[in-house]
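Chemist: Just so you know, we're using the working numbering here: the sequence shown kicks off at 22 and counts up by one.
Glycine included, C-beta positions come from ideal geometry on N, C-alpha and C.
From a predicted model like this one, the values you see are computed outputs, not experimental measurements.
One structure follows; several queries about it will come next.
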Amino acid sequence: MKVLYRGKTKDIHVLEDGSYLLKFKDDVTGENGVFDPGANKVGLSIKGSGKSNIMMTKYFFEILKEKGIPTHYIDANIEEATMTVKPAKLFGNGLEVICRYKAVGSFIRRYGMYAKEGQPLDAFVEFTLKDDERQDPPITEDALHMLGILSTDEYRELKDLTKKIANIIKEELEKKDIELYDIKLEFGRAGENNELVLIDEISGGNMRAYKEGKYVQPLELEKLVLD
Ligand SMILES: Nc1ncnc2c1ncn2[C@@H]1O[C@H](COP(=O)(O)OP(=O)(O)OP(=O)(O)O)[C@@H](O)[C@H]1O
Ligand SMILES: [Mg+2]
């Protein structure tokens, strides 16, 4: 098994048949030993976090599969904290698509002059580039098009798919009285037909969720969801 890439929280191995094996590690992102899902550095290691992340990811990818959403998911092994996936071609060096239902985090840091913390947003979608050196900058539709990262059609398709997926996750969380404020997704193209698919993971670190008005930490969220 060849290691293709060592990420901050996962490693990618290539299997004999060409599919990828994502190994979820116990490393989490943060600063100075404090857990921060949005950070661009590994800050600390939390025993069991890899297993917790793969459990939540498996849970949501299987729900999405049932609903006919195209994803990279093939199967998962909880004990090993691994997931087998279809290899995908990324857009540029990787793109993140965020869907926001309530204004928190970087939205407030940027638009705090106009927006109030926790203000409702109507499934607001924005794109950011995966670029740690430049703190994952937001990018507009025009820039994505001009820089040859996405066509106008792809932009629209990604935006629609993001809303659809985010709504499914939101509804699932609502069943447990948890409110989704925002979620970050990644996409690529995979398979013979170069189909647009959801890739990477869906775990506590990809979203901000609140219960009774209080922020739920990622590992706590995973416990609540899988309970
Ligand atoms: N099916 C797939 N095909 C190709 N690459 C994938 C696939 N699924 C996930 N990836 C990529 O695998 C990598 C997993 O690494 P990891 O989650 O540790 O993140 P990272 O690259 O260090 O950065 P970040 O924390 O910003 O996500 C990501 O770069 C992700 O884009
Ligand atoms: Mg990642």
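Would you check whether ligand 1 has a heavy atom nearer than 6 angstroms to the C-beta of P58?
Modeler: Within the sequence shown, residue 58 is the residue found at index 37, counting from 1. No, the Cβ of P58 stays beyond 6 angstroms of every heavy atom of ligand 1.
Chemist: Once you ignore the five residues that flank G115 on each side, which residues in its own chain have a CB closer than 6 angstroms to its CB?
Modeler: Start at 1 with the first residue of the sequence shown, and residue 115 comes out as number 94. Same-chain partners within the cutoff: K151.
Chemist: To the nearest angstrom, how far is the alpha carbon of L85 from that of R131?
Modeler: Here residue 85 refers to the residue found at position 64 of the sequence shown. Here residue 131 refers to the residue found at position 110 of the sequence shown. Their backbone Cα atoms lie some 32 angstroms apart in a straight line.
Chemist: Excluding sequence positions up to five away, which residues of its chain have a Cβ less than 6 angstroms from the Cβ of L42?
Modeler: Within the sequence shown, residue 42 is the residue found at index 21, counting from 1. Counting only Cβ-Cβ distances below 6 angstroms, and skipping sequence neighbours, we find H34, L36, T103, T105.
Chemist: Could you give the DSSP three-state label for T78: helix, strand or coil?
Modeler: As a first step, residue 78 is located in the sequence shown; it is residue number 57 there, counting from the start. Three-state DSSP puts T78 in a helix.
Chemist: Provide the residue(s) that pair with P141 in DSSP beta bridges, ordered along the chain.
Modeler: Working through the sequence shown from its first residue, we reach residue 141 at position 120. In the DSSP output, where bridge partners are listed per residue, P141 has K123.
Chemist: Using a Cβ-Cβ cut-off of 8 angstroms (strictly less than) and excluding sequence neighbours within five positions of I199, which residues of its own chain qualify?
Modeler: Within the sequence shown, residue 199 is the residue found at index 178, counting from 1. Same-chain partners within the cutoff: A230, Y231, K232, V237, L242, L245, V246.
Chemist: Output the boundary residues of the beta strand (DSSP E) element that contains Y26.
Modeler: Taking the first residue of the sequence shown as 1, we reach residue 26 at position 5. Looking at the DSSP string, the run of the beta strand (DSSP E) that includes Y26 is 23-27.
Chemist: Run through DSSP, which three-state label would I153 get?
Modeler: Locating residue 153 in the sequence shown gives position 132, counting from the first residue. A small fix is needed here, since residue 153 is Asp in this sequence, not Ile. Residue state, collapsed to three classes: helix.
Chemist: With which residues is D96 paired in a DSSP beta bridge?
Modeler: The sequence position of residue 96 within the sequence shown is 75, counting from 1. D96 is bridged to T105.
Chemist: Considering only DSSP beta bridges, list what E200 is partnered with.
Modeler: Working through the sequence shown from its first residue, we reach residue 200 at position 179. Y231.
Chemist: So, under 8 angstroms CB-CB, M76 and I99 are touching, yes? Tell me the CB distance rounded to an integer number of Å.
Modeler: As a position in the sequence shown, residue 76 is number 55, starting the count at 1. As a position in the sequence shown, residue 99 is number 78, starting the count at 1. M76 to I99, Cβ: 6 angstroms. Contact.
Chemist: Return the chain-ordered list of same chain residues with a C-beta closer than 6 angstroms to the C-beta of K79, the five sequence neighbours on each side being excluded.
Modeler: Translated into the one-based positions of the sequence shown, residue 79 becomes position 58. These residues qualify, in order along the chain: A97.
Chemist: Classify T50 as helix, strand or coil using the three-state DSSP reduction.
Modeler: Sequence index remark: in the sequence shown, residue 50 carries index 29 (1-based). Reduced to three states, the DSSP call for T50 is strand.
Chemist: Below 7 angstroms between beta carbons: does that hold for I204 and I190?
Modeler: Reading the sequence shown from its first residue, position 183 is the one you call residue 204. Reading the sequence shown from its first residue, position 169 is the one you call residue 190. In this structure, I204 sits near I190, with a CB-CB distance shorter than 7 angstroms.
Chemist: Using only the alpha-carbon positions, how far apart do L165 and E207 sit?
Modeler: For the purposes of this step, residue 165 is taken as the residue at position 144 of the sequence shown. For the purposes of this step, residue 207 is taken as the residue at position 186 of the sequence shown. Straight-line Cα distance between these residues: approximately 15 angstroms.
Chemist: What are the partner residues of G209, as DSSP defines its beta bridges?
Modeler: Numbered from 1 along the sequence shown, position 188 holds the residue referred to as residue 209. Its beta-bridge partners are L111, V218.
Chemist: Ligand 1 heavy atoms versus the CB of E207: any closer than 6 angstroms?
Modeler: For this step, residue 207 is matched to residue 186 along the sequence shown. Because some heavy atom of ligand 1 lies under 6 angstroms away, the Cβ of E207 counts as near it: yes.
Chemist: Applying the 10 Å Cβ sphere with the 16-neighbour rule, what's the burial state of K155?
Modeler: Here the question's residue 155 lines up with position 134 in the sequence shown. Residue identity check: residue 155 is Arg in the sequence provided, not Lys. Exposed, by the Cβ-count rule.
Chemist: Taking the straight line between their C-alpha atoms, what separation do you get for A109 and K180?
Modeler: Looking up residue 109 in the sequence shown gives position 88. Looking up residue 180 in the sequence shown gives position 159. Our two residues, A109 and K180, have alpha carbons roughly 18 angstroms apart in a direct line.
Chemist: Does ligand 1 have a heavy atom nearer than 6 angstroms to the CB of V63?
Modeler: The sequence position of residue 63 within the sequence shown is 42, counting from 1. False, no ligand heavy atom lies under 6 angstroms from that Cβ.
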